[in-house]
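Colleague: Protein chains in written order, with our numbering: chain S, 1 to 332; chain V, 1001 to 1369.
C-beta: ideal position from N, C-alpha, C; glycine also.
This is the structure I want to talk about, given as structure tokens.
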Amino acid sequence: MASERETQNLTLVQAVRDGLYTEMQRDEEVIVLGQDVGKNGGVFRATEGLWEEFGEQRVIDTPLAESGIIGTSVGMAAMGMRPVPEIQFSGFMYPGFDQIISHMARMRTRTRGRYTLPMTLRAPYGGGIRAPESHSESKEAFYVHEAGLKVVVPSTPYDAKGLLSASIRDPDPVVFLEPKLIYRAFREQVPEGEYTIELGEAKTRREGEDVAVFTWGAMARRTLEAAENLAEDGIECEVVDLRTLSPLDEGAILEAFKKCGRAAVVHEAPRTGGLAGEITSIIQEEALAYQEAPVTRITGFDVPYPLYALEDYYLPNEARIEAGIREAVEFP
Amino acid sequence: MSVLERDPRDDMYRILDEDGTAVGEVPDLEEETLVGMYRHMKLARHFDKRAVSLQRQGRMGTYPPLSGQEASQIGSAYALDEDDWMIPSYREHGGALVRGLPLEKTLLYWMGHEAGNSAPEEANIFPVAVPIASQIPHATGAAWASKLRGEDDKAFICYFGDGATSEGDFHEGLNFAGVFDTPNVFFCNNNQWAISVPRERQTKSETLAQKATAYGFEGIQVDGMDPLAVYEVTREAVEKAKDPDEGQRRPTMIEAVQYRFGAHTTADDPSVYRDEEEVERWRQKDPIPRLETYLKSEGILDDDRIEGIQESIEAQVADAIDAAESTARPTPDEMFESAYAELPDRLQKQYEQFEQLREELGDEAFLEE
Chain S
1 MASERETQNL TLVQAVRDGL YTEMQRDEEV IVLGQDVGKN GGVFRATEGL
51 WEEFGEQRVI DTPLAESGII GTSVGMAAMG MRPVPEIQFS GFMYPGFDQI
101 ISHMARMRTR TRGRYTLPMT LRAPYGGGIR APESHSESKE AFYVHEAGLK
151 VVVPSTPYDA KGLLSASIRD PDPVVFLEPK LIYRAFREQV PEGEYTIELG
201 EAKTRREGED VAVFTWGAMA RRTLEAAENL AEDGIECEVV DLRTLSPLDE
251 GAILEAFKKC GRAAVVHEAP RTGGLAGEIT SIIQEEALAY QEAPVTRITG
301 FDVPYPLYAL EDYYLPNEAR IEAGIREAVE FP
Chain V
1001 MSVLERDPRD DMYRILDEDG TAVGEVPDLE EETLVGMYRH MKLARHFDKR
1051 AVSLQRQGRM GTYPPLSGQE ASQIGSAYAL DEDDWMIPSY REHGGALVRG
1101 LPLEKTLLYW MGHEAGNSAP EEANIFPVAV PIASQIPHAT GAAWASKLRG
1151 EDDKAFICYF GDGATSEGDF HEGLNFAGVF DTPNVFFCNN NQWAISVPRE
1201 RQTKSETLAQ KATAYGFEGI QVDGMDPLAV YEVTREAVEK AKDPDEGQRR
1251 PTMIEAVQYR FGAHTTADDP SVYRDEEEVE RWRQKDPIPR LETYLKSEGI
1301 LDDDRIEGIQ ESIEAQVADA IDAAESTARP TPDEMFESAY AELPDRLQKQ
1351 YEQFEQLREE LGDEAFLEE
């Protein structure tokens, strides 16, 4: 059990590194590949020290080619290896998008189960770190929309390691998106050695009866802060961190919603076509009779992610999250 | 024979030796043009130094330094005619300046203002492209459009790095250019490192220039730290793009061999992956003293004039920084207004809701700093 293990006080990115290290030690079929993952240790240091530890046959600096990185991983995984390709920023996944959509997601179904792809595609994602253009997008909806993929977004160091280990061991391909705003924002006790967190299970971060708030990634922390502020005004939020976006934990969504009868969804991705719409639909389909107010959406706007002088306005923050939750609570 | 018709695996083309001695035929340029090239190279270097410093002081965001690459940027930009087009990556601040993008705009862009991307109408330049190699097919398309419209007076120069030659977009862009014989100059800034990954890890080809052979047009390797050689090969490529001889193909790929003295960006630490000794070795090829020595030996420049140039570029950069820093912080309406030609209703509603919140809570509720 995790609580009995020795622990370390790690940031989220260090926990990712620890997860990679642990899985590589456990299973020699696990390899890491991508641009700058080797000697440089990854642009965010998520692979620091792995090259020294496991050598260049297992921690591989590739040519600069996302389609090549993801496509060769597809081939390796079909042959039974467990590649963990890294794309430096999720905003650069698009040259590899064809490999993700046409092959990574579909190998199992196309071969009627003969080949499957136990690969975990990692990328830092999301905004809030004053990064250049194309470095701040949150496009998880693309991958959730594609059947055959699992999509994971951790929001704590403990979860990051446990979910990454589970992803690497999963027989199906996983898109593992790491919220870089909270890569180094705080530390948490993370057990040494192996442990996994089951994919597809949400986590209740805060109990409350007035309104169920669903969120993930970097927005989970902001939502918890907003919930504490609202508690001072007597509004008690139940905050559910979805952690896995595909498959979605419908049971957890419905349970929290039925308890409160009101809901809000917080995500940094643009609103239209974002997951808040899907979560709202699940509530409408399965729990309409419990509904006391429209589900409010606190999201990014339907505009291209702005350069950083404007990103504070783009990203939901505590003020916007509080206002959105209040709307759900104060209706009618 | 045009210099472009050399075997791309031959020794790279060079006019100025590393100590500034002319070892090839110097292009026939007015003295004032040569001094202008020198001034622009010095300006780019000084700008770069100041930009890195602004980033370190927290006055600017992540910035990609250009030092070491001035000869390639300025030499090639000088080889363009007024109506030619430049399609940059994200490091061509010096070349962009020559083509009419004010320094202030470059600063604004890296300070996170969208306004930095709005080039003056008369500057034939595309916006910065951050994803690697993705601008290359645009350059082919732009050149193709020009050809389809029956123009024969415009060339399109596209810049990218050595890492970009590994991307699919590089191959697709060059392949289309070969097939449709478009007036393109593909200018590869081979600065030896794609962040931490060395050029040898991008390709097992002996040179990058020879890749052009696969697409049916010339590739040439040039000393990218020799501004006169860069000027010469780019000039010939531009002329061929517009007016090829019988049987010649319009496109050319130039591989300019050079070195990035600094980090890939200010977010990167090159000491993790490369030796200081290597940097020192390349510093011996620094393009600025090289051109300075040559111009002094020809009696075109003297110490007084060099001092005057130094003073004037420092003032120019300081003015640009003042102008950029005194530009008002953008307001949220700018996010909404240029996403579509006409604001869709649902977006208008999002904007109005947000404006109402700003009014209720005040701006300070939204701004982190």
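#1: Is the beta carbon of residue 309 of chain S closer than 7 Å to that of residue 1112 of chain V?
#2: Evaluate the contact criterion for the segment 1065-1084 of chain V versus the segment 1347-1354 of chain V: three or more CB pairs, one atom per stretch, below 8 Å.
#3: Take the Cβ of residue 1148 of chain V as the centre, count every other Cβ of all protein chains shown within 10 Å, and call the residue buried at 16 or more, exposed below.
#4: To which residues of the same chain is residue 134 of chain S closer than 8 Å at the C-beta, ignoring the five residues directly before and after it?
#5: Using only the alpha-carbon positions, how far apart do residue 124 of chain S and residue 179 of chain S sit?
#6: Flag residue 92 of chain S as yes if its beta-carbon sits less than 7 Å from any beta-carbon of chain V, otherwise no.
#7: Does DSSP put residue 186 of chain S in a helix, in a strand, or in coil?
#8: With H, G and I counted as helix, E and B as strand and the rest as coil, what does DSSP make of residue 318 of chain S?
#9: Which runs of the alpha helix (DSSP H) at least 4 residues long sit entirely within the segment 1249-1278 of chain V? Give them in chain order.
#10: Would you give the residue range spanned by the beta strand (DSSP E) that residue 125 of chain S belongs to?
#11: What first and last residue would you give for the alpha helix (DSSP H) that runs through residue 1175 of chain V?
#12: Only counting runs of 3 or more residues, tell me where the beta strand (DSSP E) segments fall wholly within the segment 1114-1167 of chain V, in order along the chain.
#13: Thinking C-alpha only, which one of V:1050, V:1088, V:1237 is nearest residue 1318 of chain V?
#14: Over what stretch of residues does the alpha helix (DSSP H) that includes residue 969 of chain V continue unbroken?
#15: How should residue 220 of chain S be labelled, buried or exposed, when 16 other C-beta atoms within 10 angstroms of its C-beta is the threshold for buried?
#16: From residue 1104 of chain V to residue 1324 of chain V, what distance separates their C-alpha atoms?
#17: Let's see if you can read the secondary structure: which residues bound the beta strand (DSSP E) around residue 44 of chain S?
#18: Can you look up residue 1088 of chain V in the DSSP assignment and give me helix, strand or coil?
#19: What residues in the segment 1320-1345 of chain V have a beta carbon less than 7 Å from any beta carbon of chain S?
#20: In chain S, what lies closer than 7 Å to residue 1273 of chain V by C-beta?
#21: Is the number of C-beta pairs between the segment 1308-1322 of chain V and the segment 1248-1255 of chain V that are closer than 8 Å three or more?
#22: On the three-state DSSP scale, how would you describe residue 236 of chain S?
#23: Round the Cβ separation of residue 1014 of chain V and residue 1229 of chain V to the nearest angstrom and send it over; I've been treating them as touching at under 8 Å.
#24: Mind checking residue 83 of chain S: buried by the 16 CB within 10 Å criterion, or exposed?
#25: Any idea if residue 1008 of chain V is buried or exposed, counting beta-carbon neighbours within 10 angstroms, 16 or more meaning buried?
#26: Among the residues of its own chain, which have a CB less than 6 Å from the CB of residue 1090 of chain V, if the five just before and after it don't count?
#27: Report the rounded CA-to-CA distance for residue 1214 of chain V versus residue 1221 of chain V, giving the unit in angstroms.
#28: Does the structure place the segment 317-325 of chain S close enough to the segment 1361-1369 of chain V that three or more beta carbon pairs sit under 8 Å?
#29: By the three-class DSSP mapping on this structure, what secondary structure does residue 1204 of chain V have?
#30: So which residues on chain V does residue 304 of chain S lean against when the C-beta distance must stay under 7 Å?
#31: Name the DSSP beta bridge partners of residue 132 of chain S, please?
#32: Only counting runs of 3 or more residues, tell me where the beta strand (DSSP E) segments fall wholly within the segment 193-226 of chain S, in order along the chain.
#33: Please state if the CB of residue 201 of chain S and the CB of residue 249 of chain S are separated by a distance shorter than 7 Å.
#34: What does the alpha-carbon distance come out to for the pair residue 1116 of chain V and residue 292 of chain S?
#35: State the start and end residues of the unbroken beta strand (DSSP E) segment that holds residue 1023 of chain V.
#36: Per DSSP, residue 1188 of chain V is paired with what?
Modeller: Let's see:
#1: For residue 1112 of chain V and residue 309 of chain S, yes; Cβs fall inside 7 Å.
#2: Not touching, per the Cβ criterion.
#3: In this structure residue 1148 of chain V is exposed. Its beta-carbon is surrounded by fewer than 16 other beta-carbon atoms within 10 angstroms.
#4: So the qualifying residues of the chain are 89, 91, 92.
#5: For residue 124 of chain S and residue 179 of chain S, the distance between alpha carbons rounds to 6 Å.
#6: The beta carbon of residue 92 of chain S sits closer than 7 Å to some beta carbon of chain V.
#7: The answer is coil: DSSP assigns residue 186 of chain S none of H, G, I, E or B.
#8: In the structure shown, residue 318 of chain S sits in a helix (DSSP, three-state: H, G or I).
#9: With a minimum length of 4 residues, no continuous alpha helix (DSSP H) run stays inside the segment 1249-1278 of chain V.
#10: Annotation for residue 125 of chain S: the continuous beta strand (DSSP E) segment containing it runs 120-125.
#11: Here the alpha helix (DSSP H) through residue 1175 of chain V covers 1168-1180.
#12: The qualifying runs are 1156-1161.
#13: The residue among V:1050, V:1088, V:1237 with its C-alpha nearest the C-alpha of residue 1318 of chain V is V:1050.
#14: Here chain V covers residues 1001 to 1369 and nothing more, so residue 969 of chain V does not appear.
#15: Buried, because 16 or more other Cβ atoms sit within 10 Å of the Cβ of residue 220 of chain S.
#16: Taking the straight line joining both Cα atoms gives about 5 Å.
#17: Residue 44 of chain S: not part of any beta strand (DSSP E); DSSP gives it neither H nor E.
#18: Here DSSP, grouped into helix, strand and coil, assigns residue 1088 of chain V to coil.
#19: Of all residues in the segment 1320-1345 of chain V, 1329, 1330, 1332, 1334, 1335, 1336, 1339 have a Cβ within less than 7 Å of some Cβ in chain S.
#20: The contacting residues are 39, 40.
#21: Touching, no.
#22: Correct three-state label for residue 236 of chain S: coil.
#23: Indeed they touch by this definition, with Cβ atoms about 5 Å apart.
#24: Around the beta carbon of residue 83 of chain S, 16 or more other beta carbons sit within 10 angstroms, so the residue counts as buried.
#25: Buried is the label assigned to residue 1008 of chain V, since at least 16 other Cβ atoms lie within 10 Å of its Cβ.
#26: Taken in chain order, the residues that qualify are 1064, 1128, 1130.
#27: Computed Cα separation, rounded: 15 Å.
#28: In this structure the segment 1361-1369 of chain V touches the segment 317-325 of chain S; the number of beta carbon pairs closer than 8 Å is three or more.
#29: In the structure shown, residue 1204 of chain V sits in coil (DSSP, three-state: anything other than H, G, I, E or B).
#30: The contact set of residue 304 of chain S on chain V, defined by CB atoms closer than 7 Å, consists of 1339 in chain order.
#31: Paired residues: none, contrary to the question.
#32: Those beta strand (DSSP E) runs which fall completely within the segment 193-226 of chain S and span 3+ residues are 203-206, 211-215.
#33: In contact: residue 249 of chain S and residue 201 of chain S (Cβ atoms closer than 7 Å).
#34: Going by the C-alpha atoms only, they are around 47 Å apart.
#35: It is not in any beta strand (DSSP E) - residue 1023 of chain V carries neither H nor E in the DSSP assignment.
#36: Note: residue 1188 of chain V sits in a beta bridge opposite V:1160, V:1255.
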